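J.:
2 protein chains.
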Amino acid sequence: MKLAGRSIIGFREGSTSGAKFRAHNPVTGEALEPDFYSASAEEVNQAASLAHDAFATYRNTSGAEKAKFLREIASNIEKITDQIVERGTLETALPKARLQGETARTCHQLRLFAQLVEEGSWLMVRIDRPDPDRKPLPKPDVRSMLRPLGPVVVFGASNFPLAFSVAGGDTASALAAGCPVIVKGHSAHPGTGELVGQAVREAVRSCNLPEGVFSLLFGGGNEIGTALMKHPHVKAGGFTGSRHAGKLLMNVAASRPEPIPFYAEMSSTNPVFILPGALRQNAEKIAAGLHGSFTLGAGQFCTKPGMVFVQEGTDAANFTRKLQEHVTGSAPFHLLTSVIHKSYGTGINERKAKSGVKVLAESAPGGEFGVGAALFETDAQSFLKDADLAGEIFGPATLLVRHSQREEILRIASELEGHLTATIHGTEQDLRKFSDLVSILETRVGRLVFNGFPTGVEVCHAMVHGGPFPATSDGRSTSVGTQAIYRFCRPVCYQNFPESALPEELKDGNPLGIWRMVDGEMTREKSSQPQLQVAG
Amino acid sequence: MKLAGRSIIGFREGSTSGAKFRAHNPVTGEALEPDFYSASAEEVNQAASLAHDAFATYRNTSGAEKAKFLREIASNIEKITDQIVERGTLETALPKARLQGETARTCHQLRLFAQLVEEGSWLMVRIDRPDPDRKPLPKPDVRSMLRPLGPVVVFGASNFPLAFSVAGGDTASALAAGCPVIVKGHSAHPGTGELVGQAVREAVRSCNLPEGVFSLLFGGGNEIGTALMKHPHVKAGGFTGSRHAGKLLMNVAASRPEPIPFYAEMSSTNPVFILPGALRQNAEKIAAGLHGSFTLGAGQFCTKPGMVFVQEGTDAANFTRKLQEHVTGSAPFHLLTSVIHKSYGTGINERKAKSGVKVLAESAPGGEFGVGAALFETDAQSFLKDADLAGEIFGPATLLVRHSQREEILRIASELEGHLTATIHGTEQDLRKFSDLVSILETRVGRLVFNGFPTGVEVCHAMVHGGPFPATSDGRSTSVGTQAIYRFCRPVCYQNFPESALPEELKDGNPLGIWRMVDGEMTREKSSQPQLQVAG
Chain A
1 MKLAGRSIIG FREGSTSGAK FRAHNPVTGE ALEPDFYSAS AEEVNQAASL AHDAFATYRN
61 TSGAEKAKFL REIASNIEKI TDQIVERGTL ETALPKARLQ GETARTCHQL RLFAQLVEEG
121 SWLMVRIDRP DPDRKPLPKP DVRSMLRPLG PVVVFGASNF PLAFSVAGGD TASALAAGCP
181 VIVKGHSAHP GTGELVGQAV REAVRSCNLP EGVFSLLFGG GNEIGTALMK HPHVKAGGFT
241 GSRHAGKLLM NVAASRPEPI PFYAEMSSTN PVFILPGALR QNAEKIAAGL HGSFTLGAGQ
301 FCTKPGMVFV QEGTDAANFT RKLQEHVTGS APFHLLTSVI HKSYGTGINE RKAKSGVKVL
361 AESAPGGEFG VGAALFETDA QSFLKDADLA GEIFGPATLL VRHSQREEIL RIASELEGHL
421 TATIHGTEQD LRKFSDLVSI LETRVGRLVF NGFPTGVEVC HAMVHGGPFP ATSDGRSTSV
481 GTQAIYRFCR PVCYQNFPES ALPEELKDGN PLGIWRMVDG EMTREKSSQP QLQVAG
Chain B
537 MKLAGRSIIG FREGSTSGAK FRAHNPVTGE ALEPDFYSAS AEEVNQAASL AHDAFATYRN
597 TSGAEKAKFL REIASNIEKI TDQIVERGTL ETALPKARLQ GETARTCHQL RLFAQLVEEG
657 SWLMVRIDRP DPDRKPLPKP DVRSMLRPLG PVVVFGASNF PLAFSVAGGD TASALAAGCP
717 VIVKGHSAHP GTGELVGQAV REAVRSCNLP EGVFSLLFGG GNEIGTALMK HPHVKAGGFT
777 GSRHAGKLLM NVAASRPEPI PFYAEMSSTN PVFILPGALR QNAEKIAAGL HGSFTLGAGQ
837 FCTKPGMVFV QEGTDAANFT RKLQEHVTGS APFHLLTSVI HKSYGTGINE RKAKSGVKVL
897 AESAPGGEFG VGAALFETDA QSFLKDADLA GEIFGPATLL VRHSQREEIL RIASELEGHL
957 TATIHGTEQD LRKFSDLVSI LETRVGRLVF NGFPTGVEVC HAMVHGGPFP ATSDGRSTSV
1017 GTQAIYRFCR PVCYQNFPES ALPEELKDGN PLGIWRMVDG EMTREKSSQP QLQVAG
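Order-wise, the sequence lines are chains A and B.
Residue 500 in our numbering sits at position 500 of the first sequence, with consecutive numbering throughout.
Just add 536 to the spot in the second sequence (first one is 1) and you have our numbering.
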């Protein structure tokens, strides 16, 4: 497949009138062919209008048809995996195996949502049966289910060119919900984006869906994204990126004449607490695991552990020594973009200049475009005094925080802002002794990890990849796992509707055989009548 | 029980240093004893700090304990029903029977939430079992459930002094979720509010819950409400009131250093579409029902039908004549407050001055403090030209809109902003012929009513009392029915946690016997192991 460098607007190709930009190879700095063209304001409008029109049809597409569509996207992506991985490696400097794995994960994710919408229980069907004899007033027949919000704008992320990009989790969950999607592709990997975009477009076509179900717009700056979020036809947005950009777009979403939900996953330092028993028993293993985790993907994971708390003493000293060895021996890393490269350098230098912070280990950057890993250390008092130390440095760096008392660590936990994850290494005895720590952490994060590492987010039903602000714009949501679909729906209820006018999901006989709550009881019986509780 | 006129701050009484205000009898204009005292900024802080402290305990209170608490509140309210109804009638001019009914509804609502949290399935438990042998990486054990957000501020509504006030739906759902509640009482019915507040406080005490679980603050202006919404310990807000106040508070919630969810139910004109078959067959019955609905509670329901669409012709003329008779024969109404009284007068006069609008019928106001019902009429073209005509007039008035073509009515539906409800009167044949109308309306409202009227919102599992902006601030939510609980929670996930450190709801043996999704399948088996799907 040849790259056109043009936006995908339904079944149409974008124009070449907009500003040109190119992807760059992060390993060499070299600009990659071809030119890509930023979409115009008119093309934003076209994509939004097509999405709006498509919504009228697509929102009434059955679960089975949506499942077929999602599976078709996955198959189309799989067919061009080699090409995606080849281009992706050039654009992101991520290793081939990682991109192969991420492609597989992206396809797994699409298929998991296919399963979900085919099965149907996610719709939260509620049926309350009528009682015409109730006093003082008859009880009506009330039935509700989730319905899609409307066109959704998805912002591709720099750090997951597949799983959080054109056909990533936001797109998969929005399409599964019944919402058309307009992707604003990330300008660091436009070629990878275009390949995936073509795979989605082909699926729209072969499934006979209206063309506006999917568009992919390119843009080098932030005008296109902002214009999309302001468009009256757009009803929600999904974003993974920096706190700065996320907060700007939160503002755009909240200041519209019609404010809309905007789900930004923005930043997180993912605290790790190594409790005394674990530190004594597993120092070596934890040091190796931690190094692997904070340097995975060159430290460019949203879930990278960026601050690590240990109680000072001999065990901490052993652990620190091991960790230093790992860091010093790190191979050079290449970051995703020149902007990230520069900002990593600034972050490292600013941290070095902090009073109370020392560099415990660094590794060599390996040339002009590479960077080294960095391990910083500070004490609890310095940490508590300087909020910057709890901030994210995007790249292969982490901060060890030594503390001397239990109270210090509880105070640190209480003062944490929202994060995606918190990790605890401990023995069962540690956990009992620090149950108050676990209890505090639960109010600060979306996911608690025990004796593991936060990087590597399982795509499953129970996953929560979210967390209180500022980890995300909306702590009530997850952007990974099947519960991500709930971001793009709202409940609608039908009162005293005749059977013939009800959606299939709400009909008496439960023709789709889905789990429904009938008069307060879960059931998936396919009877001519749902379990009718006789009113008392 | 004697009224103290002071805020309830946990188990403490508020001071008498703040500005004084009194309730007024809407029928006579007379100021009612005693004086009530606005809370101070310091008291806002006290209530928020108590709520924050209480959250540490209350969020871990079991479903069974929360159920006991909610039922205790209901019993305490029932014990003083007579006093509540007596005071409520003085403060609101609502009839005794209505306030008795509303008290019963409030208690039913508390008990329905008690049932919900006792049963436990609302927690959306998801369990994905591990697979240590999975390639390329082992699959972790991931379990998630909903957890409460933190202290919630509830704004009492003027028009439902019980069901949407101190112990109304917002309070019941927030307490059920595990969130402490601080109510900003409505200053139009402070006595009713204090009585209910004392009933809640006694329940907190007798259930041995921490005092900060509940506070009730009085305030004549909007400073107290704004200060509460800005307080860093507050994590969500619930509001029923005017669009003006709702939008101001939406802004406060979104502009905080930590933005928080704010659920405002703000305004709605609840369109009614009377289709040709129904107009022919049921003109008399619909006219009587419509009159009853738009004048119910003196037209001060959020769900009052404020615009009614009919196709012009003989049937419409018959219908209109009937409706005119009903309106002309209406007994005088008393509105809730002097502010509402004044604003109804302004609304009526502004509408009278509109070109293309005529008054079809009015009834007599019956004295200085009363108001009459009003029936306006316009045509589709005038309606489409003037957005004001789709706006809410709070009080016993409605607008008939005549149209001549099917296209007009579809265009009107397409251009509707968000409303709480839309109602369709039709035969089954009408419904088939106007299926596109139903389909459009579904994207505009939270509840579709067939051959009925939107007033009278059933408190049940399937109810959706919400709708796209500007009907509410957040169309993904409902403020009535058990699904209202989802506004005050967020999912939290536990990865590879040892059984002993997991919440009861997530433990292997399902000790609480609740519905859970295990490896994608709903089950409530109480086995030593959940249904383990062997990974393929």
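Just so you know, even glycine gets a beta-carbon here, dropped at the ideal spot from N, CA and C.
No experiment lies behind these values; they were computed from the predicted model shown.
Let me check one thing: in DSSP terms, what residues is A:Q495 bridge-paired to?
T.: For the purposes of this step, residue 495 of chain A is identified with residue 495 of the first sequence, where counting begins at 1. Bridge partners of A:Q495: A:V142 and B:V985.
J.: Report the rounded CA-to-CA distance for A:L3 versus A:G446, giving the unit in angstroms.
T.: Your numbering for residue 3 of chain A matches position 3 in the first sequence. Your numbering for residue 446 of chain A matches position 446 in the first sequence. For A:L3 and A:G446, the distance between alpha carbons rounds to 39 Å.
J.: Against A:Y494, what residues of chain B qualify as contacts under a CB-to-CB distance less than 7 Å, listed in chain order?
T.: As a first step, residue 494 of chain A must be located in the first sequence, where it is residue number 494. What A:Y494 touches in chain B: L984.
J.: Considering only heavy atoms of the ligand ATP, does any lie closer than 7 Å to the CB of A:P276?
T.: The ligand ATP is not part of the structure shown, which contains no ligands of any sort.
J.: My assumption, with CB atoms under 8 Å, is that A:C207 sits in contact with A:K68. Please give the rounded CB distance.
T.: By 1-based counting over the first sequence, the position of residue 207 of chain A is 207. By 1-based counting over the first sequence, the position of residue 68 of chain A is 68. With a Cβ gap of about 6 Å, A:C207 and A:K68 count as contacting.
J.: Just the C-alpha distance for A:S255 and B:R670, rounded to the nearest angstrom, thanks.
T.: Residue 255 of chain A sits at position 255 when you count from the first residue of the first sequence. Residue 670 of chain B sits at position 134 when you count from the first residue of the second sequence. Taking the straight line joining both Cα atoms gives about 46 Å.
J.: Which term fits A:R205, buried or exposed, when burial requires 16 or more other beta carbons within 10 angstroms of its beta carbon?
T.: Residue mapping note: residue 205 of chain A aligns to position 205 of the first sequence, counting from 1. The residue is exposed, with fewer than 16 neighbouring Cβ atoms inside 10 Å.
J.: Starting from the C-beta of B:E928, find all residues in its chain whose C-beta is less than 7 Å away, skip the five residues before and the five after it, and write them out in chain order.
T.: Translated into positions along the second sequence, residue 928 of chain B becomes position 392. Cβ neighbours of B:E928 beyond the five flanking positions: S803, S804, T805 and G842.
J.: Do you know offhand how far A:Q531's Cα is from A:W515's?
T.: One-based indexing of the first sequence puts residue 531 of chain A at position 531. One-based indexing of the first sequence puts residue 515 of chain A at position 515. Interpretation of A:Q531 is limited by its pLDDT of 45, a score under 50 that renders its predicted location unreliable; no figure is taken from the coordinates.
J.: Residues of chain A with CB under 9 Å from B:Q1019, in chain order?
T.: Residue 1019 of chain B sits at position 483 when you count from the first residue of the second sequence. Ordered by position in chain A, the residues that pass the 9 Å Cβ test against B:Q1019 are M124, R126, S144 and P491.
J.: Using a beta-carbon distance cut-off of less than 9 Å, what residues from the stretch 810-840 of chain B approach chain A?
T.: none
J.: Go to A:V204, then tell me how far its alpha helix (DSSP H) extends in each direction, as first and last residue.
T.: Here residue 204 of chain A refers to the residue found at position 204 when the first sequence is read from its first residue. Looking at the DSSP string, the run of the alpha helix (DSSP H) that includes A:V204 is P190 to S206.
J.: Mind checking the stretch 976-1001 of chain B against chain A and listing, in chain order, the residues whose C-beta falls within less than 9 Å of any C-beta there?
T.: I976, E978, T979, V981, G982, R983, L984, V985, F986, N987, G988, P990, G992, E994, C996, H997, A998, M999, V1000 and H1001
J.: Do you know how far the Cα of B:E794 is from the Cα of A:P503?
T.: The residue you call residue 503 of chain A lines up with position 503 of the first sequence. The residue you call residue 794 of chain B lines up with position 258 of the second sequence. Whole-angstrom Cα-Cα distance: 40 Å.
J.: Only counting the same chain, and skipping five residues up and downstream in sequence, which positions put a Cβ closer than 6 Å to that of A:R6?
T.: Sequence index remark: in the first sequence, residue 6 of chain A carries index 6 (1-based). E13, G14 and Y37.
J.: At a CB distance below 9 Å, what residues from the stretch 208-233 of chain A approach chain B? Give them in sequence order.
T.: none
J.: Alpha carbons only, please: which of B:Q645, B:H722 and B:D851 is nearest the one belonging to B:E759?
T.: Along the second sequence, one-based indexing puts residue 759 of chain B at 223. Of B:Q645, B:H722 and B:D851, the residue nearest in Cα terms is B:H722.
J.: Please name the residue or residues paired with A:E30 in a DSSP beta bridge.
T.: Indexing the first sequence from 1 puts residue 30 of chain A at position 30. DSSP output for A:E30 lists no bridge partner at all.
J.: Starting from the beta carbon of B:A790, find every residue of chain A whose beta carbon is closer than 7 Å, and list them in chain order.
T.: Counting from one through the second sequence, the residue named residue 790 of chain B turns up at place 254. Here the neighbours are A254.
J.: Can the beta-carbon of B:A629 be found less than 8 Å from the beta-carbon of B:L872?
T.: Stepping through the second sequence from its first residue, residue 629 of chain B is reached at position 93. Stepping through the second sequence from its first residue, residue 872 of chain B is reached at position 336. Yes, Cβ-Cβ distance for B:A629 and B:L872 is below 8 Å.
J.: Taking the C-alpha atoms as reference points, what is the distance between B:L626 and B:P562?
T.: The residue given as residue 626 of chain B occupies position 90 in the second sequence. The residue given as residue 562 of chain B occupies position 26 in the second sequence. The straight-line gap from Cα to Cα measures roughly 8 Å.
J.: Taking the alpha-carbon of A:G292 as reference, which of A:C302, A:S242, A:L323 and A:F273 has the nearest alpha-carbon?
T.: For this step, residue 292 of chain A is matched to residue 292 along the first sequence. Ranking the options by Cα distance to A:G292, first place goes to A:L323.
J.: If the cut-off is 8 Å on Cβ atoms, which residues from the stretch 671-702 of chain B count as contacting chain A, listed in chain order?
T.: P672, L673, K675, P676, V678, R679, S680, R683, L685 and G686
J.: Cβ atoms of A:S404 and A:D312: under 8 Å apart, would you say?
T.: Position 312 of the first sequence, counting from 1, holds the residue named residue 312 of chain A. Position 404 of the first sequence, counting from 1, holds the residue named residue 404 of chain A. In the sequence as displayed, the identity of residue 312 of chain A is Glu instead of Asp. In contact: A:E312 and A:S404 (Cβ atoms closer than 8 Å).
J.: Measuring CB to CB, does A:A41 end up less than 8 Å from A:A227?
T.: The sequence position of residue 41 of chain A within the first sequence is 41, counting from 1. The sequence position of residue 227 of chain A within the first sequence is 227, counting from 1. Taking 8 Å as the cut-off, the Cβ atoms of A:A41 and A:A227 count as close.
J.: Could you tell me the boundaries of the beta strand (DSSP E) in which A:A422 lies?
T.: Position 422 of the first sequence holds residue 422 of chain A. Looking at the DSSP string, the run of the beta strand (DSSP E) that includes A:A422 is T421 to H425.
J.: Identify the contact partners of B:S657 in chain A, using a Cβ-Cβ distance below 7 Å as the criterion.
T.: Translated into the one-based positions of the second sequence, residue 657 of chain B becomes position 121. Correct list: M522.
J.: Where does the unbroken beta strand (DSSP E) through A:T337 begin, and where does it stop?
T.: Residue numbering aside, residue 337 of chain A sits at position 337 when the first sequence is read from its first letter. From DSSP, A:T337 is part of no beta strand (DSSP E); its letter is neither H nor E.
J.: If we define contact as Cβ-Cβ less than 8 Å, is B:A916 a contact residue for chain A?
T.: Taking the first residue of the second sequence as 1, we reach residue 916 of chain B at position 380. Not flagged as an interface residue toward chain A: B:A916, since no C-beta distance is shorter than 8 Å.
J.: Out of curiosity, what's the CA-to-CA distance linking B:H862 and B:K821?
T.: Here residue 862 of chain B refers to the residue found at position 326 when the second sequence is read from its first residue. Here residue 821 of chain B refers to the residue found at position 285 when the second sequence is read from its first residue. Taking the straight line from one Cα to the other gives about 11 Å.
J.: If the cut is a Cβ gap below 8 Å, which residues of chain A does B:G637 touch?
T.: Start at 1 with the first residue of the second sequence, and residue 637 of chain B comes out as number 101. Those within 8 Å of B:G637 in chain A are P136.
J.: Does the distance from the CB of A:P365 to the CB of A:V359 come in under 8 Å?
T.: Reading the first sequence from its first residue, position 365 is the one you call residue 365 of chain A. Reading the first sequence from its first residue, position 359 is the one you call residue 359 of chain A. A:V359 sits away from A:P365, with the two beta carbons spaced by 8 Å or more.
J.: Would you say B:M537 lies against chain A (beta-carbon separation less than 8 Å)?
T.: The residue you call residue 537 of chain B lines up with position 1 of the second sequence. No, its Cβ sits nowhere closer than 8 Å to a Cβ of chain A.
J.: Over what stretch of residues does the beta strand (DSSP E) that includes B:H939 continue unbroken?
T.: Residue numbering aside, residue 939 of chain B sits at position 403 when the second sequence is read from its first letter. It spans A933 to H939 - the beta strand (DSSP E) in which B:H939 sits, taken as one unbroken run.
J.: Check each residue of the stretch 428-439 of chain A: if its Cβ is closer than 8 Å to any Cβ of chain B, include it; give the result in chain order.
T.: E428, L431, R432, S435, V438 and S439
J.: Under 8 Å between the Cβ atoms of A:L149 and A:K66?
T.: Locating residue 149 of chain A in the first sequence gives position 149, where the first residue counts as 1. Locating residue 66 of chain A in the first sequence gives position 66, where the first residue counts as 1. Cβ distance not < 8 Å, so A:L149 and A:K66 don't count as in contact.
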